[in-house]
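Numbering (this note's numbering), first residue to last: 113 to 387. Remarks on the structure that follows.
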Amino acid sequence: MKPQSMLFTIYGEYVRHYGSEIWIGSLTKLMGEFGLSEPAVRAAISRMLRQGWLESRKVGNRSFYSVSERGKKRLEEAAARIYKVETGVWDGKWCMVSYNIPEERRALRDQLRKELGWMGFGMLTTSTWISPNNLSEPIKELTESQEITEYVEVFSADHVGWSDPKQLVQKCWNIDEINAKYREFIDTYRAEYEELEESIRQNKEVPDSLCFVNKTKLVHQYRKFLFIDPDLPQELLPELWLGKEADQLFQNYYQLLNPGAVRFFETVYEAAPEK
113 MKPQSMLFTI YGEYVRHYGS EIWIGSLTKL MGEFGLSEPA VRAAISRMLR QGWLESRKVG
173 NRSFYSVSER GKKRLEEAAA RIYKVETGVW DGKWCMVSYN IPEERRALRD QLRKELGWMG
233 FGMLTTSTWI SPNNLSEPIK ELTESQEITE YVEVFSADHV GWSDPKQLVQ KCWNIDEINA
293 KYREFIDTYR AEYEELEESI RQNKEVPDSL CFVNKTKLVH QYRKFLFIDP DLPQELLPEL
353 WLGKEADQLF QNYYQLLNPG AVRFFETVYE AAPEK
């Protein structure tokens, strides 16, 4: 587990519900539960500060770190997708993004591609990406914030030929690979879930620290699907689709772990005095 990625998980799953700010001592203790050293945690925090995900402030000789506005937005987007509700019937429309960013602005072009992938777009051609979800507003916000609106066009489009919708999906996303990743997730966590469920049934004591570690790892692993699963509507999914089974397992296991995990977090968490 990379320290920076784990920090995103801890901020998203816990800290953002407690004012989004935490003392460095609490943070290093929480990260230590996963075998991460204090120098590794401090190095990851420094990178996140430089990248604009975190902000810092001193109170006496203590350092406190909070999520920046940019970070809050990303965490909210992630939470909305992880804990999503069932969507309605697909309207058949495709959100299409086409761009032509000059070579001298290659870094912005590469960043745009990463963001499109994160949002759930699939690459149809080198500079044309599509999604069956209406993402026009997030795309407009993104291109405006990066000041590249002159190089990007956004469409709500009908597809009139020649692939059928499911064939089009196969061209833009590796559905078999995503399904295989869901199978790995199910195989990894089903046994853990059933073991914990049995322990609770038998009234065995389950340490809060174990709940914290297991729940955080669970969310950390499930969060990775945000980068590969485009959240396709039911109409475009293959007959054998393991995403729904994986999501149900995630929700069930999460509910068992959450009370103890939160109790453990609260024993370690220390916020800064009010500003």
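From the three backbone atoms N, C-alpha and C, an ideal C-beta is built for every residue, glycine too. It should be emphasised that the depicted structure is a prediction, and the values quoted were computed from it without experimental measurement.
Between Met160, Gly124 and Glu145, which has its C-alpha nearest Lys185's C-alpha? Ranking Met160, Gly124 and Glu145 by Cα distance to Lys185 puts Gly124 first.
inquiry  = Using 8 Å for Cβ pairs, my map puts Phe176 next to Arg169. What's the rounded Cβ distance?
reply    = Right, their Cβ atoms sit about 6 Å apart.
| Under the three-state DSSP convention, the category Trp241 falls into | It is a strand residue.
- Should the region 311-331 be regarded as contacting the region 206-226, the criterion being three or more beta carbon pairs within less than 8 Å? Not touching, per the Cβ criterion.
Per DSSP, what kind of secondary structure is Phe233 in: helix, strand or coil? DSSP places Phe233 in coil when its eight states are reduced to three.
Under 7 Å Cβ to Cβ from Glu309, same chain only, skipping five residues before and after it: list those, please.
If we look at Glu309 and ignore the five residues flanking it on each side, its Cβ neighbours are Leu368.
| said: Within a Cβ cutoff of 6 Å, which residues of the same chain sit near Asn227, ignoring the five residues on either side of it in sequence? | reply: Checking the displayed sequence, the identity of residue 227 turns out to be Glu instead of Asn. Hits under 6 Å: Leu254.
**Request:** In angstroms with no decimal places, state the Cα-to-Cα distance between Gly355 and Asn291.
**Result:** A direct Cα-to-Cα measurement between Gly355 and Asn291 gives close to 7 Å.
Ignore the nearest five residues each way along the sequence and tell me which others in Gly137's own chain have a CB closer than 8 Å to its CB. Arg174 and Glu382.
When Ser180, Asp343, Ala156 and Ile340 are compared against Glu167, the one with the closest alpha-carbon: Just measuring C-alpha positions, the residue of Ser180, Asp343, Ala156 and Ile340 sitting nearest Glu167 is Ser180.
* So what does DSSP say about Ala383, is it helix, strand or coil? -> In the structure shown, the three-state DSSP call for Ala383 is coil.
Check: Cβ atoms of Tyr126 and Val325: under 9 Å apart, would you say?
Finding: The answer is no: Cβ separation not under 9 Å.
Problem - Residues of its chain near Ser268, where Cβ-Cβ distance is below 8 Å and the 5 sequence neighbours each way are ignored - result: Closer than 8 Å at Cβ, skipping near neighbours: Lys205, Trp206, Cys207, Met208, Asn246 and Ser248.
Query - Beta carbon of Glu145 nearer than 9 Å to that of Thr261 - result: Contact annotation: Glu145 and Thr261 have beta-carbon atoms that are not nearer than 9 Å.
Thinking just about the alpha-carbon of each residue, which of Val272, Gly273, His271 and Glu256 is nearest to the one in Glu265?
Check the Cα spacing between Glu265 and each of Val272, Gly273, His271 and Glu256: the tightest is with Glu256.
Item to complete: For the alpha helix (DSSP H) holding Met113, just list the boundary residues, first then last.
Response: Premise fails: Met113 is in no alpha helix (DSSP H) and is neither H nor E.
- Between the CA atoms of Glu304 and Ala192 - distance to the nearest angstrom: Those two C-alpha atoms are separated by around 25 Å.
Can you tell me which of the three DSSP states Ile213 falls into? Three-state result, Ile213: coil.
Separation of Thr379 from Tyr366, as counted between CA atoms:
Linking Tyr366 to Thr379 through their CA atoms gives a straight-line distance of about 20 Å.
Lys114, buried or exposed, once every other Cβ within 10 Å from all chains shown has been counted against 16 = Counting Cβ neighbours within 10 Å, Lys114 comes out exposed, since fewer than 16 surround it.
Starting from Lys329 and walking both ways along the beta strand (DSSP E), at which residues does that stretch end?
-> Counting along the chain, Lys329 falls outside any beta strand (DSSP E), though it belongs to the alpha helix (DSSP H) covering Asp320 to Arg335.
Is it the case that the Cβ atoms of Pro214 and Leu348 are separated by a distance below 9 Å? Going by C-beta atoms, Pro214 is not nearer than 9 Å to Leu348.
message: Quick check: does the Cβ of His271 come within less than 8 Å of any heavy atom belonging to the ligand PLP?
response: Because no ligand of any kind appears in the structure shown, any question about the ligand PLP cannot be addressed here.
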